[in-house]
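First comes the structure, then the notes that go with it.
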Amino acid sequence: MGAGHAHRLYRHGHSPVHGLPPHTKLAAAFLFVVVVVSTPREAMWAFAVYAVLLASVAYHARVPAGFLLRRLLIEVPFVAFAVLMPFVAEGERVHVLGLSLSVNGLWGAWNVLAKGTLGVAASVLLAATTELRELLLGLQRLKLPPLLVQIASFMIRYGDVITDEMRRMRIARESRGFEAKGVRHWGVLAKSAGALFIRSYERGERVHLAMVSRGYAGSMPVIDEVTASGAQWRHALALPCAALVVCLLGWFL
Amino acid sequence: MHVPDGFIDAPTSAVAGVVAAGALAVSLRGARRELDERTAPLAGLVAAFIFAVQMLNFPVAAGTSGHLLGGALAAILVGPYTAVLCVSVVLLMQGVLFADGGLTALGVNITDMALVTTVVSYAVFRGLLAVLPRKRRSVTVASFVAALLSVPAAAVAFTLVYAIGGTTDVSIGKVATAMIGVHVLIGIGEAVITALTVGAVIAVRPDLVHGARGLRQRLRLRVDGALVDAPAAEPATPAPAAARTSRRTLWVTGLVTSLVLAGFVSFYASADPDGLEKVAHDKGIDKKEEEHAAADSPLADYGVKDISDARLSGGLAGVIGVGVTVVAGSAVFWALRRRRGDDASPVNTSV
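Going down the list, the sequences are from chains A and B.
Counting in our numbering, the first sequence runs from 39 upward without gaps.
Counting in our numbering, the second sequence runs from -4 upward without gaps.
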């Protein structure tokens, strides 16, 4: 708790991108990904332009390349899947280095890799330049149901608490000489999960009582309303608009 | 199984998004029924629990390990609507924050992992509980089967979505074989863990398990060495019905109490203004010189009248004063009682 309350993915800064209202950034990231997904996969140069666009956003946000690339590692499972694709897909085959690969599979793998990577990079940039609280305010501003936003904010607020509780349970298990080695030890782990559920639920009940005693009646007061000026919207939407131009060029060229 | 961007084409993602939005809308309404105004904190904490428990690694063998997906577990522990909400919020946060699952694929992910797993597992669970004997072990067995089927069901749903809007033409047969084959294996693990976890919760707090609510044991007493059912047996009706009847009982009791209370208070009040009258009487005697200043309030007016009577005919004045007060007090309380009755009737109709 002493290490600040920002989440690990957030990178503190005062760049123009950090300063944009959260809902404009959310809208921009979402529209950008939609545009990327609807780009034809044969227009390979378009994806390079997208990457350049994202890189310029990262430059303006002063997010170092190493940080961005490290966060991209979350994609690795899909990369493994994409590598498998050329071997299993149908259609005509080409022979590269003695391997028989499907042309369609290669295109498919490229498609998933390119679009997936760009999507992950956009999400990472969004999370790196927007604080959690702001992100929730932005979601609320974008007319997500208030109850859903409340649930999300409680999940975020208590996620670390519950995770820490689980970590303490693990330390307690290990300090008693327990080491989970295989299926035989699932019973112990499942009992831990059950205890964790009971603790979480009871904590929820206590949190609710504490809120009721402070006057909670089903809705949270909106203390800081986020607003965006026309200029801020223009700045944020510059990214998806540029991407849209590239996408249209990709369809017609 | 988080689907990344670009895996499913844009139109199919949009349709899945609409389906997910509809499911969320229904679940929001349903969760309010399951948890009333406690929805936000409890569902939030359960979402945090699912988020945490997905990080709990279950070693399988030789370095490989799996983790819980949690859809079936959530449905059995907190009910299907809340479970859909919790898993969806987890997926939303994973997509926005951790870039785990694409933003455009959010609809596909929610439909697949929140909606299908929850609905299938809860339907199977309820169906089995209806057939199996009402025992704790039945709950464990039912949750095992429910979780076992929920994971391949999600794989089937994914295969269907892929068949409609997949971006690679891998034959559907291959996708189905691979997905369902792998997920049957995952489902076995999920089933064992879910059943063990539900069993662990039932052992400690059976009242928290949404799926085991009909399982409450009757209170039995040992009388002269023989077990007999406690005379005041618990109502066998399910919880919502019990709540409704208890509310009606509460209302009827409240009305009767208020009537009795009003009658009793009016009797009590008839005695009370006696004392008030006396005070007014005394005050009036004190302020007999300032009649006009005290004449504002009716009470003072009566007092003043009484005083003028009292001057003339000693004890008679007090009796008249009390009589007037009794009539006035009764009128006030009769009106009050009638208004209270009027107030109560709309409450009755609304309940």
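C-beta atoms are modelled at their ideal positions from N, C-alpha and C, and glycine is treated no differently.
Span separating the alpha-carbon of residue i from that of residue j
i, j, result
"S253/B", "D31/B", "Below a pLDDT of 50, predicted positions are generally treated as unreliable, and S253/B, at 46, falls in that range; the measurement from the model is reported next regardless. The alpha-carbon atoms of S253/B and D31/B are separated by roughly 28 Å."
"A35/B", "S22/B", "13 Å"
"L234/A", "L92/B", "24 Å"
"L107/A", "L91/A", "16 Å"
"A42/B", "A70/B", "12 Å"
"P293/B", "G253/A", "Because the pLDDT of P293/B is 44, which lies under 50, any placement of that residue in the model is unreliable, and the number read from its coordinates should be weighed accordingly. Going from the Cα of P293/B to the Cα of G253/A covers about 41 Å."
"R239/B", "A198/B", "A caution first: R239/B carries a pLDDT of 44, below 50, which makes its placement in the model too unreliable to give a value."
"G184/B", "V221/A", "9 Å"
"P115/A", "V150/A", "12 Å"
"V134/B", "F105/A", "47 Å"
"S257/A", "L185/A", "8 Å"
"F120/B", "R33/B", "25 Å"
"V84/B", "A100/B", "14 Å"
"Y295/A", "L47/A", "Within the shown structure, residues of chain A are numbered from 39 to 291, placing residue 295/A beyond reach of any answer."
"H98/A", "R195/A", "29 Å"
"L180/B", "A67/B", "16 Å"
"R215/B", "G74/B", "29 Å"
"L51/B", "T113/B", "20 Å"
"G57/A", "E263/A", "15 Å"
"V87/A", "A93/A", "10 Å"
"T162/B", "P259/A", "44 Å"
"T192/B", "V140/B", "14 Å"
"S8/B", "G197/A", "29 Å"
"L282/A", "H178/B", "38 Å"
"V156/B", "V13/B", "14 Å"
"S116/B", "D202/A", "29 Å"
"G288/A", "A160/A", "20 Å"
"Q89/B", "R171/A", "15 Å"
"H223/A", "A118/A", "30 Å"
"E243/A", "A15/B", "28 Å"
"V250/A", "W83/A", "57 Å"
"V134/A", "A120/A", "17 Å"
"F85/A", "T155/A", "10 Å"
"A96/A", "A103/A", "8 Å"
Cβ-Cβ distance between residue i and residue j below 7 Å
i, j, result
"A166/A", "R49/A", "yes"
"L80/B", "I105/B", "no"
"L98/B", "F68/A", "yes"
"G96/B", "H(-3)/B", "yes"
"V103/B", "I3/B", "yes"
"I112/A", "A94/B", "yes"
"A171/B", "T154/B", "yes"
"G65/B", "I45/B", "yes"
"V75/A", "D0/B", "yes"
"P147/B", "I175/B", "yes"
"A274/A", "K63/A", "yes"
"R147/A", "P124/A", "Just to set this straight, residue 147/A is Ala in the shown sequence, not Arg. Taking 7 Å as the Cβ cut-off, A147/A and P124/A qualify as a contacting pair."
"V162/A", "R109/A", "yes"
"A186/B", "A142/B", "yes"
"I200/A", "A47/B", "yes"
"A20/B", "T77/B", "no"
"A66/A", "L277/A", "yes"
"G143/A", "P60/A", "no"
"V141/A", "V132/A", "yes"
"P6/B", "A218/A", "no"
Strand pairing of residue i, partner residues [DSSP]
i, result
"L222/B", "R217/B"
"L139/A", "V132/A"
"I3/B", "G161/B"
Give the list of continuous alpha helix (DSSP H) stretches no shorter than 4 residues that lie fully inside the segment 35 to 117 of chain B. Complete alpha helix (DSSP H) runs here, min 4: 66 to 73, 75 to 92 and 101 to 104.
Listed from N- to C-terminal order along the chain, which residues in the segment 4 to 16 of chain B have their beta-carbon within a distance smaller than 8 Å of any beta-carbon of chain A? Correct list: D4, A5 and S8.
Which runs of the alpha helix (DSSP H) at least 4 residues long sit entirely within the segment 127 to 209 of chain B? Give them in chain order. Runs found: 131 to 160 and 167 to 199.
Would you list, in chain order, the members of the segment 193 to 212 of chain A that have their beta-carbon closer than 7 Å to a beta-carbon of chain B? Those residues of the segment 193 to 212 of chain A placed with their C-beta closer than 7 Å to a C-beta in chain B are M193, I194, Y196, G197, I200, T201 and M204, ordered along the chain.
Please identify, using Cβ separations under 8 Å, the residues of the segment 222 to 250 of chain A that lie next to chain B, in order along the chain. Here the close residues are H223, W224, G225, L227, A228, K229, S230, A231, G232, A233, L234, F235, I236, S238, Y239, R241, G242, E243, V245, H246 and M249.
Scan the segment 163 to 222 of chain A and note each continuous alpha helix (DSSP H) run of 4 residues or more that stays entirely inside, going in chain order. Fully enclosed alpha helix (DSSP H) runs of 4 or longer: 170 to 179 and 184 to 213.
Identify every run of the alpha helix (DSSP H) within the segment 220 to 270 of chain A, keeping only runs that are complete inside it and at least 4 residues long; order them along the chain. If only complete runs of 4 or more residues are kept, the segment 220 to 270 of chain A shows the alpha helix (DSSP H) at 224 to 250, in order along the chain.
Determine which residues of the segment 128 to 147 of chain B have a Cβ less than 8 Å from any Cβ of chain E, and write them out in chain order. The structure shown has no chain E; the protein chains it does contain are A and B.
What residues in the segment 28 to 44 of chain B have a beta carbon less than 7 Å from any beta carbon of chain A? Within the segment 28 to 44 of chain B, the residues whose Cβ lies closer than 7 Å to some Cβ of chain A are E32, R33, T34, A35, P36, L37, A38, G39, L40, V41, A42, A43 and F44, listed in chain order.
In the segment 69 to 155 of chain A, which residue ranges form an unbroken alpha helix (DSSP H) of at least 4 residues, counting only runs that do not cross its ends? Residue ranges of uninterrupted alpha helix (DSSP H) with 4 or more members, entirely inside the segment 69 to 155 of chain A and ordered along the chain, are 82 to 98, 103 to 109 and 114 to 126.
If the cut-off is 9 Å on Cβ atoms, which residues from the segment 190 to 202 of chain B count as contacting chain A, listed in chain order? Against chain A - using a Cβ distance shorter than 9 Å - the residues of the segment 190 to 202 of chain B are A190, L191, T192, V193, G194, A195, V196, I197, A198, V199 and R200.
Quick one, which residues of the segment 139 to 154 of chain A are near chain B if we go by CB-CB under 9 Å, in chain order? Cβ contacts with chain B: S140, N142, G143, W145, G146, A147, N149, V150, L151, A152, K153 and G154.
Where the segment 51 to 64 of chain A meets chain B: residues whose CB sits under 9 Å from a CB there: Of all residues in the segment 51 to 64 of chain A, L64 have a Cβ within less than 9 Å of some Cβ in chain B.
Given a limit of 9 Å on CB to CB distance, which residues of the segment 81 to 95 of chain B reach chain A? Those would be C81, S83, V84, V85, L87, M88, G90, V91, L92, F93, A94 and D95, in chain order.
At a Cβ cut of 7 Å, what residues of the segment 95 to 124 of chain B count as close to chain A, listed as they run along the chain? Flagged, chain order: D95, G97, L98 and T99.
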